[in-house]
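Numbering (the working numbering), first residue to last: 1343 to 1549.
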């Protein structure tokens, strides 16, 4: 059995690698068939792969978050959602009222360091307050997760702003103040999903 397990793991990894290679081959064949009426082939392939990885990878890592302790814990996912909303909302209101120093003016002139600090502060407060609704998750777990969102969330926000600028779109939504629409919240959520699972190996996140 000890010999079979590594073999099974190797087979699973080889299947994933084979699927990735097959996807790349299919995309190349598509560009060959559609050339020259389909624009720049390498740009098209890169955009397709980036879109797949940007959405599918975080959704796959979401299961790692939910099952990080060995059994299903939906509270971890809800915590991540609350923290993302808190970071985005806190950054919006703090930046609007106190923002003076630009964070990345070439990408998003409206984002400021003060906004980032406000988002980080509200995220940490949310991490502490979440204990009233999710008492099964220890305070140390919640604060570390909130810190991850506070640090990496703005990167997802800037990435979303960069995509909007490249597409010539100013706003992705206005139905909730401070949230920038569904796509902004989704972008932050997807970005944080990439970062949080790697914390589960530390003593403060894994049980």
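In this text, a Cβ means the ideal position worked out from N, Cα and C, and glycines have one as well.
The DSSP assignment places complete alpha helix (DSSP H) segments of no fewer than 4 residues inside the segment 1410 to 1489 at 1416 to 1440 and 1455 to 1471, in order along the chain. Across the structure, residue 1448 and residue 1456 are spaced so that their CA atoms are roughly 17 Å apart.
Under the DSSP assignment, residue 1386 falls in the alpha helix (DSSP H) whose first and last residues are 1383 to 1408.
Under the Cβ criterion (8 Å, minimum of three pairs), the segment 1425 to 1445 counts as touching the segment 1453 to 1467.
The three-state secondary structure of residue 1510, taken from DSSP, is coil. Residue 1496 sits in a helix when the DSSP states are folded into three classes. By the neighbour-count definition (other C-beta atoms within 10 Å, threshold 16), residue 1392 is an exposed residue. If you ignore the 5 residues before and after residue 1459, its C-beta comes within less than 8 Å of the C-beta of 1436, all in its own chain and listed in chain order. Nearest C-alpha to residue 1423 among 1505, 1488, 1500 and 1501: 1488.
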